[in-house]
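Okay, so here's the structure we're looking at.
In the working numbering, the protein residues as written are 85 to 345.
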């Protein structure tokens with residue numbers, strides 16, 4: 085939507101400045117028809133110079149990056165006109181989005197961080213949404229980190245993060261809350277049998293050997309599961325319950341899961 089607005093504003097400006105028809109030519113319905121019908125590409129190619137088209141392309145790409153929260157490069161336009169003003173506005177949006185990402189994202193894995201997962205838990209609990217929290221502690225990570233170095237350890241964490249994301253639904257949230265500890269929030273899911281299937285899948289994915297710098301490495305996971313509202317009435321109590329269940333799984337032999345009880 086942001087890209088479309090920027091595009092329409094730019095076309096409006098260009099049509100007034102660069103065509104002999106002035107404002108009489110710039111009709112909203114006609115512009116919308118151009119966009120929806122695909123005629124905009126033909127229109128731009130006819131009336132805009134390569135320089136203007138390049139500027140517009142930068143604006144559109146920047147607007148799309150801002151719209152989707154992507155880490156786009158700043159738009160640098162030394163033009164002292166409306167285009168530069170639009171570029172500055174888009175840069176402001178991207179800076180704001182970057183600040184939000186930095187506050188809510190784990191820098192190593194790109195997953196959500198503890199702050200974000202707790203915020204989402206608070207929100208869903210306020211809305212009385214049933215959910216489950218899976219607390220995951222990696223088994224065998226420290227020996228990898230100690231023997232092969234921090235770079236190998238970081239790579240192992242990134243691989244595990246990708247695997248956990250791959251075995252969850254789009255509505256689930258995977259977070260790294262520190263070190264080798266992760267949380268998966270399953271929104272709207274409280275069925276024990278389904279949660280067992282999900283836990284088995286996580287154990288399988290984490291336990292699959294990985295190759296890092298020519299070394300075949302393998303880890304396991306201890307998993308604790310707590311369900312809202314059965315196991316707690318707020319985010320802290322739910323996370324603490326899942327943490328306790330995780331320690332029970334670890335004490336019971338590791339590479340296993342336990343439900344809070």
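Note that the Cβ used here is the ideal one computed from N, Cα and C, for glycine as well. In this text the structure is predicted, and so the values were computed from the model without any measurement.
Taking C-beta atoms as the reference points, residue 193 and residue 245 count as a pair closer than 9 Å. DSSP lists 266 as the bridge partner or partners of residue 260.
Taking C-beta atoms under 8 Å as the contact rule, residue 223 and residue 321 fail to qualify, at a distance of about 26 Å. By a beta-carbon distance limit of 8 Å, residue 280 does not contact residue 251. Their separation comes to about 14 Å. The closest CA to that of residue 316, considering only 344, 300, 338, is found on 344. When DSSP states are grouped into helix, strand and coil, residue 312 belongs to the strand group. Contact between residue 270 and residue 202 is ruled out by a C-beta separation of about 16 Å, above the 8 Å threshold.
Rounded to whole angstroms, the separation of the alpha carbons of residue 314 and residue 240 is 34 Å. One thing to note: residue 204 has its Cβ no nearer than 9 Å to the Cβ of residue 216. Per DSSP, residue 303 is not a residue of any alpha helix (DSSP H), being assigned neither H nor E. CA-CA distance, residue 229 to residue 294, rounds to 14 Å.
With a cutoff of 9 Å on beta-carbon distance, residue 248 and residue 261 are scored as not near each other.
The Cβ-Cβ distance between residue 287 and residue 341 falls below 9 Å.
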